[in-house]
Each structure stands twice: as structure tokens, then as C-alpha cells.
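> Quick note: the sequence shown uses full-length UniProt numbering, first residue 1, plus one each step.
Sharing a structure, written as C-alpha cells. Questions coming.
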Amino acid sequence: VDIDWEYPVEGGNDAPPVPHRPEDIQNFILVLQGFRDAFAKLPFKAELSVASPAGPANYHHWDFKAICGLLDHINIMSYDLYGAW
């Protein structure tokens with residue numbers, strides 16, 4: 001399962017407006033932990049990943065230290081990178 005939460009705390013859609021809360025950082029961790037707990041009961045190995053924004057300017061609402069132990073993979077949305085290079 002790949003979770004693409006755009007985006008905890010800020011960003012995302014303007015229309016319709018998506019409410020954002022500072023506690024979304026912790027809520028994201030709780031969602032991932034819930035998946036991990038449910039996967040532990042399955043008779044097969046299920047993998048969990050997230051789609052992550054690219055670039056350090058986008059990481060201030062991500063607690064990578066807390067979520068990395070819950071994930072099998074992190075998929076970086078490299079299309080978030082742009083510039084004149």
C-alpha cells in the first residue's frame with residue numbers, strides 16, 4: 001500500500017478547501033502505525049510505502065525519524081523538483 005497524503009499540515013487542494021491542522025504530523029504517523037498493525041495480522045507480507053515530496057523545503061512537516069521505522073519504501077515524487085538547470 002502506498003500512501004500519498006498531500007500534504008500533512010499545509011498544501012493540497014484549494015477547491016474544495018482541505019482543512020489542515022498542526023496535529024496532522026502526528027496523525028500521519030498514527031495512520032501509518034494503524035496500517036502496520038493491520039498488516040501484522042495478515043497471512044502474507046504486505047509492504048507499506050509513502051509518496052514523499054522532493055526537496056528539503058517540503059520536509060518541515062514530515063517526521064521522517066518517526067515514520068521510517070514503519071515503512072518498507074519511500075517513493076520520492078521527483079516531479080516536485082524543478083528549476084533552470
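The C-beta atom is built at its ideal place from N, Cα and C for all residues, glycine as well.
#1: In chain order, what residues of the same chain have a beta carbon less than 8 Å from the beta carbon of I67, not counting five sequence neighbours either side?
#2: In terms of alpha-carbon separation, which member of H61, K45 and P16 lies closest to P22?
#3: Which residue or residues does DSSP assign as beta-bridge partners of I76?
#4: Report, in whole angstroms, the separation of the C-beta atoms of E47 and H73, which I expect to be a contact under 8 Å.
#5: Excluding five sequence neighbours on each side, which residues of the same chain lie with their C-beta closer than 6 Å to the C-beta of I3?
Based on what the coordinates show:
#1: F28, I29, L32 and V50
#2: H61
#3: S52
#4: 7 Å
#5: V50
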